[in-house]
Each structure stands twice: as structure tokens, then as C-alpha cells.
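Participant:
Protein chains: 2
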Amino acid sequence: MKLCVIGLGLIGGSIAKDLKKTGFATEVAGVETNPEHAKEALRLGIADRIASLEEGVAGADMVIVATPVDIALNLLPTVLELAESHTTVTDMGSTKRYLVEAVRNHPCRRNYVAAHPMAGTENSGPSAALDNLFQGKIAIICDQELSGPQHLALVEKMFHALGMNIAYMTSDEQDHTTAFVSHLPHAAAYALANAVQDKADRQIIFDLASGGFNSTVRLAKSAGSMWHPIFEQNRDYVVESLDVYLKHLEQFRDAIANGESHKLSELIGNANRIRSILDGENPRFRKNEETFVKFYTT
Amino acid sequence: MKLCVIGLGLIGGSIAKDLKKTGFATEVAGVETNPEHAKEALRLGIADRIASLEEGVAGADMVIVATPVDIALNLLPTVLELAESHTTVTDMGSTKRYLVEAVRNHPCRRNYVAAHPMAGTENSGPSAALDNLFQGKIAIICDQELSGPQHLALVEKMFHALGMNIAYMTSDEQDHTTAFVSHLPHAAAYALANAVQDKADRQIIFDLASGGFNSTVRLAKSAGSMWHPIFEQNRDYVVESLDVYLKHLEQFRDAIANGESHKLSELIGNANRIRSILDGENPRFRKNEETFVKFYTT
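If you read the sequences in order, they're chains G and S.
Counting from 1, position 182 in the first sequence corresponds to residue 182 in the numbering used here; the numbering is continuous, with no gaps.
Counting from 1, position 236 in the second sequence corresponds to residue 534 in the numbering used here; the numbering is continuous, with no gaps.
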């Protein structure tokens, strides 16, 4: 299988590495406009060769767009035009409605499978690419009825090769849930980093930062080139999630400020319920069950 | 050195384990009112024996109060009364002003050293105790001029045995900075857990939760029995920190909602500066420097 990966950063680089390792891809052509990243990707063996967009897409069995979502939005129609009739095109972006809308009436729409693997770190560039980044995680496939069955099957096969479970939903559902589970935590971390840096005594504050602080603020290290366009493309749902968060944060603040001890206990108790869900103690929420895919397809 | 640890949970248990391992303590008497925790602590070898408060404090060279801060506030005056004249008493709580005030005029005040090791996890109880939990972290000692020099020296020796660096500040400074670096991230995580659980489609949201979400919300698993009294004892500074956070979160929300692209870039860029500080790329903020203690003592 000849693979073309557009964007050799954390996500594209990690996918290319794993798909070569598992034998899913026999050859990886990388398209990368940043010359430093291109050089680094070759050095790390992420791509076998660096190609222009035209050269990379020509002859590829599968093209994976792994750029920031604003660039993906510009590229996708062109990629579909350049692609051969048998070529499967997919993308890895965190927002889906704009992309799906941009190619709704494209003559090659059925070659495209809208996807979003829920994995990543706060780092970027080819040097941030990791082995097994996707293992055991969830990949979302959106609006699958708009994709040709052979293209859908190939993308599913790719995610299984990466060790992922697959969830199927509409691009609207994906953008809504991802706003809460991924985009909101990033916004919360960015604002927390800004709030703490707002203090005059930054020096003392940061010398004292412990594991809890680092964990909560970790996502604030994430690159703006990736996250800025996500916030813009998912504006309505991200704002909704921030409004819900602001409401809960104000409740928490008021319970402390007004000495409402009973209310504060209730808020902490409810927040603690996240443990049973995240740690998989509640079978309804346990991950990697065989029934998982069924759950989303029913 | 005969050690008495009051409260054999995550903090008390971890300290007891390390101080025995390093030879700092030859005998550990544990005071623990939860019978299950007492049994577990004996089984795990955290304490050599379980004692009543009176038995535990009698004959101890050092008493460490490692209970939630509301219990510590009630216990500390009694512990100082029970302690022998040579006994050093310290505590590990995250808030310091109330404790220091409670024993300001106590005849044995100079036996007491107010301290706060900046380390922990979201888990609790003796089974949560970890080896080397404190290694490389910062311990804060407050209002050291109110402690007798021999008691201060012994507590410093204990923190060095745990592998910690020491910062010296007033209890007011400690409560203020800790509000931002530790209490605010906990409040932010609790509110984030509540915000996400507020959505009807909890099931889907939690199946999709990835590493970024888990990291940001991790502290929301922390026990209310520990955190509720911290928020109450540090009410003014925690509310201040939440107000600063709310302001920055609203700025972030408005920049997205109003499509203020330039403003959003600025906010993300400023938040990104946390990387150079937390990762120690900026020498001014590098941890574990020899100059560290000097910095706080000047």
C-alpha cells in the first residue's frame, strides 16, 4: 500500500511510523512545506521521500491529510481533484463540519472519509512523533454514508492497524462532543496558564509548581498553529462548552466565597464521580469493550 | 529517632515509608482513627505500631501531623501540650495561616515548625502512599523565626532526607502562592468535571475522553475530606485566584466568540510561555538549583 501523508508533525509522523511498522504501508511519501520538518522526517525515517503535493498524491493508494485544520480545509478539495479514482483520502483534524461541508458536492466526495483519531500530546513537529500513540484510543469516523464502502473499509482497516477502536457519528455530533472532551480542556488550560502568569510573583509561583499544577496546565503548551483554527472552526460549540464551564466555575467560586459548606461538598462529590467513569469502574463506560463499536452504530 | 505520624494516608504514609527507608526514623508510631486505614498501614509496614494520640506523642522525638487541615487545626494545640520538651512537632497541611494563628501564644509554640511539602496525587489512604513521592520537590517552611532553632534544624533535616528543596516564606505568602499553584488547579478541575458531566450525553463524552482530558481533569478525583477544608481555610486567596481565572477564561471565551483572531493568538502565545518556565528552559525558573534556598531566604 502506497501511502501519502500530508503534514509530518506529531499526528502525521506518528501515523506514518506505525503504519510502516505494521506493514500497512509499504511506502510513505511525505508532503511537508516546512523544510526543517521535512529534513527531520527523513532523518527519523518517518517518510521514505519528500514529495510535492502533486507528486505525493499521484499513485498513492491512500492520502492522509494531517495538517492543522485551516490548512486541511484549503487542501482537501485539491487533494480530491489530484487523487486517482481508486485513491482513498482521509484527514485527522479535530473539527469536521467545515471540511465535510467544503467537499459536500465534490465529484470525488465518495473517495473521502472524514476522521478524527482522539490522541495526541502537547508537542508538535516530526520529532514529537511517537510509536503506538493511537493504541487503545478511539478514532471517530463521521458521516460514513457519504463515503464509498471500499474507502470506508480501508480507513477502518488503517485505524485497526493503529490499534484503535472506532466510533461512528455525524460531523455535527463529533464537533459537539469533541468541544467538551478536547477543546474545552485546552481552552481551560490556556486560561489557567494566563491566570497564573498574571500574578506579579511568577517566579515563586513557578518554583512551587508541583505535579498537580503541571498536569492541569500541560495542554497550555500546545501550539497555537494547531489550536487557533480548531477554536475558530468549532466556534459555536467551543463557546457553548466554555459557557457551561464558566457557570460551574462560578458556582464553585460562590460556594467557597459564601461559606456554603453543604453546597461545596455536593460540588466536590459530583466532580469525584469522574473517577469511576474515567477509571472504567462503571461498566457502562468501560473502554475497549467488544460492544463499543456496536454502541455507536446502533 | 522515634517518629509519630498522625494520619496514615497518602502524605503521612509516604513520609513514614521514606523516613524509615533512609534511616531517619528508627521507629514509627502511627495514630489513625480509621480502623481500616490503621490495619492497612500495619500490613504495608508504614507504621510499626498503631497508638492512641497520647501514646503516640509520648516519647516521640518528632511528631508529624498529616491529617486534613480541619483536623490538624483541632489537634495541633493538644499535640503541643502532650509533647515532651525536646519533641519537634510539624504538620504537612496545604494551608498555614489558621494553624499558625491557633498556636501563636501556645507555651510550646517554639516546638512547632509549620511546613507544607508540595507533593501529592489525586489518591488517598495508606494504599496510596508512594516511595520517593517527595524527591526533588519543594517543601515550604513558614514563619521560621517562631520556631526554636533545634526544631527548625530537625525539620530541615527531615525534608532533606526526603530529597526535597526548602523554600522559606511567611504563612501568608505560602497561602497566597499555594492558592494559585495548587488550590486553583484543583478548583478548576472539579468545575471542569462538573461541566462535562452536565452534558446529557455523558456516555459518549467519556468514551471519547483522551489523554488531554484525563490530564486536565485528573485532580477532580481528589478527596473532598482533604480539599473541602483547604478551600475553607484559604477562602480569601482561593476566591481571589478563581476571580483571576474567571477573568482570563472570559477573555478567552470572548476572543473566540467574537472572532478576534489577533487577540486569540496573543492569549495562546502568552499561555505557551508556561512551557519554557515549567520545562526549566528559563534559567531563572530552573528547579533544584543550589541557589534556590538562598533565593527564598533573601
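Here a beta-carbon is modelled for each residue, glycine too, at the ideal position from N, C-alpha and C.
Remember, it's a predicted structure, so these values are computed and weren't measured experimentally.
(1) Is it buried or exposed for residue 541 (chain S), if we count other Cβ within 10 angstroms and need 16 for buried?
(2) Report the residue from S:332, S:301, S:334 whose alpha carbon sits nearest the alpha carbon of residue 325 (chain S).
(3) Could you give the uninterrupted runs of the alpha helix (DSSP H) lying entirely in the segment 131-217 of chain G, keeping only those of 4 residues or more?
(4) Can you tell me where the alpha helix (DSSP H) holding residue 288 (chain S) begins and where it ends?
(5) Mind checking if residue 548 (chain S) is an interface residue toward chain G, Cβ cutoff 8 Å exclusive?
(6) Under 8 Å by Cβ, that's how I've got residue 302 (chain G) and residue 576 (chain S) pegged, so tell me the actual separation to the nearest angstrom.
(7) Comparing the C-beta of residue 172 (chain G) with each C-beta of chain S, is any distance below 8 Å?
(8) Using the Cα positions of residue 140 (chain G) and residue 517 (chain S), report the straight-line distance between them to the nearest angstrom.
(9) What residue range does the beta strand (DSSP E) around residue 415 (chain S) cover?
(10) Should residue 269 (chain G) be flagged as near chain S, meaning a C-beta pair shorter than 8 Å?
(11) Taking 6 Å as the limit between beta carbons, can you name the residues of its chain near residue 113 (chain G), skipping five residues before and five after?
(12) Can you name the residues of chain S whose CB is closer than 7 Å to the CB of residue 199 (chain G)?
(13) Is the Cβ-Cβ distance between residue 306 (chain S) and residue 345 (chain S) less than 8 Å?
(14) Measuring alpha carbon to alpha carbon, tell me which residue in S:394, S:424, S:422 is nearest residue 469 (chain S).
(15) Please report the residue range of the beta strand (DSSP E) in which residue 303 (chain S) lies.
(16) Just the Cα atoms here: how many angstroms apart are residue 264 (chain G) and residue 256 (chain G)?
(17) Under the rule that 16 or more other beta-carbon atoms within 10 Å means buried, what is residue 498 (chain S), buried or exposed?
(18) I need the DSSP call for residue 522 (chain S), collapsed to helix, strand or coil.
(19) Within this structure, are the beta carbons of residue 416 (chain S) and residue 192 (chain G) separated by less than 8 Å?
(20) Please decide whether residue 137 (chain G) counts as near chain S, where near means a Cβ-Cβ distance under 8 Å.
(21) I want to see whether chain G comes within less than 8 Å of residue 416 (chain S), judged by CB atoms only; does it?
(22) Assign residue 11 (chain G) to one of three DSSP states: helix, strand, or coil.
(23) On a Cα-Cα basis, can you pick out the residue from S:365, S:383, S:375, S:472 that is closest to residue 422 (chain S)?
(24) Going along the chain, which residues of the segment 532-546 of chain S sit with their C-beta nearer than 8 Å to a C-beta in chain G?
(25) Which first and last residues belong to the alpha helix (DSSP H) in which residue 354 (chain S) is found?
(26) In the DSSP output, which residue or residues are listed as bridge partners for residue 30 (chain G)?
(27) When we look at the beta-carbon of residue 49 (chain G) and count the other beta-carbons within 10 Å, is it buried (16 or more) or exposed?
(28) Can you give the beta carbon distance from residue 270 (chain G) to residue 409 (chain S), rounded, assuming they're within the 8 Å contact cut?
(29) Buried or exposed: which applies to residue 21 (chain G), given that a residue is buried once 16 or more other Cβ atoms fall within 10 Å of its Cβ?
(30) Would a C-beta distance cut-off of 8 Å place residue 405 (chain S) and residue 212 (chain G) closer than the cut-off?
(31) Just reading off the beta strand (DSSP E) that residue 100 (chain G) is part of, what are its end residues?
(32) List the endpoints of the continuous alpha helix (DSSP H) containing residue 389 (chain S).
(33) Is residue 180 (chain G) near residue 94 (chain G), with beta carbons less than 8 Å apart?
(34) Along the chain, where does the alpha helix (DSSP H) containing residue 550 (chain S) start, and where does it finish?
(35) Any idea if residue 333 (chain S) is buried or exposed, counting beta-carbon neighbours within 10 angstroms, 16 or more meaning buried?
Facilitator: Here's the rundown:
(1) exposed
(2) S:301
(3) 149-161, 171-178, 184-197, 202-208, 211-217
(4) Outside the shown range of chain S, which is 299 to 596, sits residue 288 (chain S), and nothing can be said about it.
(5) yes
(6) Because residue 302 (chain G) is not part of the residues shown, which for chain G are 1 to 298, the question remains open.
(7) no
(8) 27 Å
(9) 410-415
(10) yes
(11) 90, 147, 151, 152, 155
(12) 478
(13) yes
(14) S:394
(15) 300-304
(16) 7 Å
(17) Here the model assigns residue 498 (chain S) a pLDDT of 49, short of 50, so the residue's position is not dependable, and the following value carries that caveat. So residue 498 (chain S) counts as exposed.
(18) helix
(19) no
(20) yes
(21) yes
(22) helix
(23) S:365
(24) 533, 536, 537, 539, 540, 541, 542, 543, 544, 545, 546
(25) 351-355
(26) G:5, G:50
(27) exposed
(28) At roughly 41 Å, the Cβ-Cβ gap does not stay under 8 Å, so residue 270 (chain G) and residue 409 (chain S) are not in contact.
(29) exposed
(30) no
(31) Segment 97-102 is the alpha helix (DSSP H) holding residue 100 (chain G); no beta strand (DSSP E) there.
(32) Premise fails: residue 389 (chain S) lies in the beta strand (DSSP E), 386-389, not in any alpha helix (DSSP H).
(33) no
(34) 533-555
(35) exposed
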